[in-house]
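Position one of the sequence shown corresponds to residue 25 (the numbering used here), numbered consecutively onward.
Notes follow the structure.
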Amino acid sequence: MIDNKTAPYAALVLRLALAIMFLAHGLTKVFVFTLPGTAQFFASVGFPGWMAYPVAGAEVFGGLFLLLGLYPRLVAAALLPVLIGASTVHFANGWSFGNANGGWEYPVFLIAAALVQVLMGDGAFALKRSPRFAD
Numbered sequence: 025m026i027d028n029k030t031a032p033y034a035a036l037v038l039r040l041a042l043a044i045m046f047l048a049h050g051l052t053k054v055f056v057f058t059l060p061g062t063a064q065f066f067a068s069v070g071f072p073g074w075m076a077y078p079v080a081g082a083e084v085f086g087g088l089f090l091l092l093g094l095y096p097r098l099v100a101a102a103l104l105p106v107l108i109g110a111s112t113v114h115f116a117n118g119w120s121f122g123n124a125n126g127g128w129e130y131p132v133f134l135i136a137a138a139l140v141q142v143l144m145g146d147g148a149f150a151l152k153r154s155p156r157f158a159d
C-alpha cells in the first residue's frame, strides 16, 4: 500500500537525489575532465566524441530542472538515454563499482531511480508540474 500523505515527499527526496547526482556528473565533465577531455573519453569507449557536449548539457540542465522541480517526470524520462548510455560503458567491467573502471550496478540503479521518478510523479514543491500520463 502506498501512503498518499508521504508519497509526494518520497518523490521529492528521490528528485533531489537525482538532481544532485546529475549536477555532480555534468559539472565534473565540464570543470574537472573538461569538455574536450570528456569528448576524448567518449571516443575511447566507442561513442562519438561530440556527444560529450549534449550529454554534459543534459546532465547539468536536467539536474537543475530536477532540483527546481521543473517538469520532473518529463526530465527524468528524457535523461534515461543518458543513463542507459553510461551503463553500456560499464557492462564489460562487471557488477561491482570497486572493479577497475567501475561496475555497471550504479548506472543501472540510476536507471531504476529515474524510472521510479517517472512513475511516481513530480513530488512535493515542484515549480512546474509535468503533464499527467494517465488519469
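Backbone N, C-alpha and C fix where the C-beta goes; we use that ideal spot for every residue, glycine too.
As the structure is a prediction and not an experimental result, all values here were calculated from the model.
Nearest in C-alpha terms to A48, of all of S120, M144, I135 and G87, is G87.
By the Cβ neighbour-count rule, A116 is exposed, with fewer than 16 other Cβ atoms within 10 Å of its own. In the DSSP assignment, G87 falls within the alpha helix (DSSP H) that extends over A76 to L92. In its chain, beyond the 5 residues on either side, A138 have a beta carbon closer than 6 Å to the beta carbon of L104. Its Cα nearest to that of Y95, the residue Q141 stands out among I135, I26, Q141 and E129. With a cut-off of 8 Å on Cβ pairs, the region 73-92 is not in contact with the region 122-132, counting fewer than three such pairs.
Per DSSP, V106 is one residue of the alpha helix (DSSP H) stretching across P96 to H114. The Cβ-Cβ distance between A63 and W74 falls below 8 Å. According to the DSSP assignment, R39 belongs to the alpha helix (DSSP H) that extends over A31 to F55. For A148, the CB contacts under 8 Å within the same chain, skipping 5 residues up- and downstream, are P32, Y33, A35 and L36 in chain order.
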